[in-house]
Amino acid sequence: MKKLNSTLIIEQIYNFVLEKPYFQSKSQFMQLHILFKELHEGDNINFESIKPYTFKGVFNGIYKVISTHTAPTIADKQEFIGWVAKQFEREMD
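Written out as structure tokens, the structure is:
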């Protein structure tokens, strides 16, 4: 299957989201919500965020439920982006 959300695309969206003026003042959950909502493919009706750290949506063309309990901190850019890329690839195998 073609990799729709390559690491490069994830990084571009990550950089875009971090540039939002209010992003740094948000809670960790809201930061993750904002990022995964941008990564979600489709309309907002099919995206759901569930506290404490679960996100449901279409990522890489597949509906997925992603738990971010084990995610590295969003501030650790390379580690976090790598983790997201692995989550998107995980169910493609």
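One point on numbering: in the working numbering, the residue at position 33 of the sequence shown is 131, and numbering is uninterrupted. By construction, the Cβ of each residue, glycine as well, lies at the ideal position given by its N, Cα and C atoms.
Asked: Run of the alpha helix (DSSP H) containing Y112, from where it starts to where it stops; Found: T105 to L116
Asked: For G180 and E187, the rounded distance between their alpha carbons; Found: 11 Å
Asked: F186: first and last residue of the uninterrupted beta strand (DSSP E) it sits in; Found: From DSSP, F186 is part of no beta strand (DSSP E) but of the alpha helix (DSSP H) over K175 to R188.
Asked: Helix, strand or coil at K100 according to DSSP, with G and I counted as helix; Found: Only weak support exists for where K100 lies, its pLDDT of 49 falling under 50; the value from the coordinates is given anyway. In the structure shown, K100 sits in coil (DSSP, three-state: anything other than H, G, I, E or B).
Asked: Residue range of the alpha helix (DSSP H) that includes E136; Found: Q126 to L137
Asked: Beta-carbon gap between A183 and I108 smaller than 8 Å; Found: yes
Asked: Where L106 falls, given that 16 or more other Cβ within 10 Å makes a residue buried; Found: exposed
Asked: Sequence-distant residues of its chain with Cβ nearer than 6 Å to S125 (five each side left out); Found: none
Asked: Interface flag, K184 vs chain B, CB-CB below 8 Å; Found: Note that chain B does not occur in the displayed structure, where there is just one protein chain.
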